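Residue 3 is where the sequence shown starts when you use this note's numbering, and the numbers rise one by one after that.
Backbone N, C-alpha and C define an ideal beta-carbon position, used for all residues, glycine too.
This structure is a prediction, so every number in the text was calculated from the model and none was measured.
The structure appears right after this line, and notes come after that.
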Amino acid sequence: MITKPRPFLLRHRDFGLYWGGMTFESLAVQIESVTIGWQVYTIARQSLDINQSAFMVGMVGLAQFLPLFVLTLWAGSLADRHSRRAIVMSAIALKFCGVLGLVAISREASPSLHHIFAIAAVFGVARAFMSPAASALTPMLVPRSDMPQAISLKSLSWQLAVIAGPWLGGVLCAYSTTLAYSTAAALYLVTLSIVSLVRKSTTPTRQPGSQWQQVKEGLVYTFRHKIIFGAISLDLFAVLLGGATALLPAFASDILKVGPEGFGILRSGPAIGASLMAIALARRPLTRKAGARMFWAVAAFGLATLVFAVSKNMWLSVAALAVLGAADMISMYIRQTLVQIVTPDHMRGRVSSVSGLFISASNELGEFESGVVSRFIGPVGAAIFGGIGTLIVTGAWAAMFPALRRADLLDGEDKS
């Protein structure tokens with residue numbers, strides 16, 4: 003009698019618990035993010051024009067990035083010295099406290115943008131510690147041979163949260179920002195309860211040397227490994243220039259005129275494409291010519307940004323954002339697989355912190371860059387500028403990093 007193999011998440015109990023908990027955490031992050039963006043834009047729009055209001059939304063990204071920039075490398079060294087599960091849970095608890103602060107602010111008659119920016123900085127602190135620990139935790143819960151599937155499942159759960167979260171956040175925003183923030187707080191509590199059930203040891207083998215020496219070792223490893231450095235820096239500059247997400251409140255409110263519900267749908271657009279691509283990658287993982295495919299994906303990201311910029315139709319805009327998300331999913335899949343499989347376990351926290359710093363710079367500073375450019379040439383002009391910039395970066399990186407251009411997904415060798 004042939005016995006069917008158990009599902010992946012049941013075969014790896016601790017990973018299944020971690021995956022489930024982080025799915026709820028991702029949903030909370032999305033609800034919270036879309037609510038902050040809409041609330042800041044709404045408050046700013048009461049006294050500022052559209053360009054200045056979009057700039058204020060971009061300031062949320064800057065407020066989150068500054069603590070990330072200061073703390074991430076140190077947090078990566080901590081993730082290589084202490085329990086990664088404990089660090090993740092502490093960061094989630096800090097996020098929970100922050101969102102309770104947003105609940106209190108949302109109940110005020112005249113909420114202060116300065117208070118919202120201060121709490122956004124608290125979330126930046128939490129993310130600085132959580133990102134390297136969370137990235138380095140997965141390889142401790144599954145064997146090396148199952149890593150590609152684990153990464154695909156994590157990416158899929160994140161993208162599903164990015165689909166449902168902005169839509170749910172938009173609906174809740176339309177009813178009450180207090181309700182939206184309270185929902186995020188409840189989801190953070192659920193996450194803490196589930197992740198606390200993980201029993202496998204998540205403390206890496208302690209390495210010799212001071213914390214500063216370990217940070218330096220992670221930086222040197224990342225910058226000397228041409229394929230890893232090329233992949234994460236390509237993602238940095240492409241998303242930094244092409245980040246249209248921060249402009250969505252302005253597009254939803256004043257260009258497409260679809261309100262908070264439409265804003266939630268627009269925010270879900272990239273995740274729809276990314277989720278479909280994640281399913282495809284889980285069924286047929288990339289095996290050959292991954293470097294070249296990464297460059298084509300980033301170019302598609304730039305082109306989709308241009309289509310979104312000039313669109314005046316809600317559903318064409320959603321379709322462009324879906325293509326943008328699918329392209330970004332390919333880039334993220336390749337980058338994460340390289341970082342997790344090529345890097346030795348005792349250095350994963352530090353290398354993940356460098357990668358996470360680049361990613362955070364592309365996301366948070368990308369929002370700030372879009373806000374600044376929008377301040378001078380408007381949201382449409384800022385999106386066009388970003389799409390063209392992404393295409394230029396793609397061509398420049400293809401010339402500067404031939405090893406990445408010719409690389410297969412997992413070998414990390416220079417084929418030149």
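Near residue i, what residues of its chain come up, given a Cβ to Cβ distance below 8 Å and the 5 sequence neighbours on each side ignored?
i	result
Y43	S55, A56, M58, V59, P251, A252, S255
S418	Any answer about S418 is weak, because its pLDDT of 37 lies below 50 and its placement is not dependable; what the coordinates show is given next. So the list reads P404, A405, R408, once near-sequence residues are dropped.
M402	G232
I107	P113, S114, H117, I118, I121
T396	L236, A240, F297, V300, A301, G304
F378	N53
G266	V36, P168, W169, L170, G171, G172, V173, C175
I257	K314, P381, V382
Span of the alpha helix (DSSP H) holding residue i?
i	result
A81	52-81
L134	This sequence places Pro at residue 134; Leu is not what is there. Its alpha helix (DSSP H) spans residues 115-139.
V309	292-312
L102	86-108
T345	Taken as a continuous stretch (DSSP letters only), T345 belongs to no alpha helix (DSSP H), as it is neither H nor E.
R269	261-285
V164	149-177
L19	15-47
A405	404-407
Taking only the alpha-carbon atoms, compute the straight-line gap between residue i and residue j and give it to the nearest angstrom.
i	j	result
R109	I230	46 Å
A2	L238	Outside the shown range of the chain, which is 3 to 418, sits residue 2, and nothing can be said about it.
F98	Y190	6 Å
V325	Q48	34 Å
L305	S35	25 Å
Q215	R337	25 Å
A273	T205	33 Å
F225	V127	25 Å
S313	S198	46 Å
G103	A122	10 Å
M316	K259	9 Å
F26	T193	6 Å
T140	V200	12 Å
H14	T37	35 Å
P262	A135	34 Å
G327	S79	31 Å
L318	A311	11 Å
F219	V353	Inspection of the sequence shows that residue 219 is occupied by Glu rather than by Phe. So the two alpha carbons sit approximately 9 Å from each other.
G18	M24	10 Å
V309	L323	9 Å
G275	K156	16 Å
A186	D51	30 Å
Relative to the C-alpha of residue i, which candidate in the options has its C-alpha closest?
i	options	result
V320	V192, Y183, T307, S112	T307
S333	A138, L115, T193, K291	K291
R1	A329, A280, F297, Y20	Past the edges of the chain, shown from 3 to 418, lies residue 1, and the structure says nothing about it.
Q32	R377, N53, V173	V173
A81	I38, A138, A329	A138
W399	M91, P134, G232, K202	G232
W40	A187, A176, H227, H84	A176
A93	A106, A77, Y335, G266	A77
M331	S154, V90, T207, L73	S154
P113	T180, H227, S184	T180
T74	F378, L221, G397	L221
G264	G171, I234, L283	G171
R286	Q151, V62, S178	Q151
S203	T339, H84, G266	H84
A182	Y223, V62, V353, L29	L29
A188	R201, V101, G327	V101
L64	I394, V374, K156, R201	V374
V356	M61, T185, I234, N53	I234
Y223	V62, T339, T345	T345
Pull up the CB-CB distance for residue i and residue j, whole angstroms please, since I reckon it's below 8 Å.
i	j	result
D16	L158	So it is not a contact: roughly 19 Å between Cβ atoms.
M132	V90	6 Å
A299	A280	With a Cβ gap of about 13 Å, A299 and A280 do not count as contacting.
L96	V72	Going by Cβ atoms, the distance from L96 to V72 rounds to 15 Å, so no, they are not a contact pair.
R146	Q66	Contact doesn't hold; Cβ gap of about 33 Å is too wide.
L283	Y335	5 Å
S184	V105	6 Å
Might you give, ordered along the chain, the residues of its own chain that have their beta carbon closer than 6 Å to the beta carbon of residue i, omitting 5 neighbours on each side?
i	result
S270	I165, P168, W169
L243	G388, G391, T392
G22	I196
L421	Nothing can be reported for residue 421, as the shown portion of the chain is limited to 3 through 418.
A46	S55, M58
L227	Going by the sequence as given, residue 227 is His instead of Leu. So no residue of the chain qualifies.
W160	S28
For residue i, which residues from the same chain have a beta carbon less than 7 Å from its beta carbon, with the 5 sequence-adjacent residues on both sides left out?
i	result
L249	A56, S372, S376, P381, A384, A385
P69	A123, G126, V127, A130
G293	L406, R407, R408, A409
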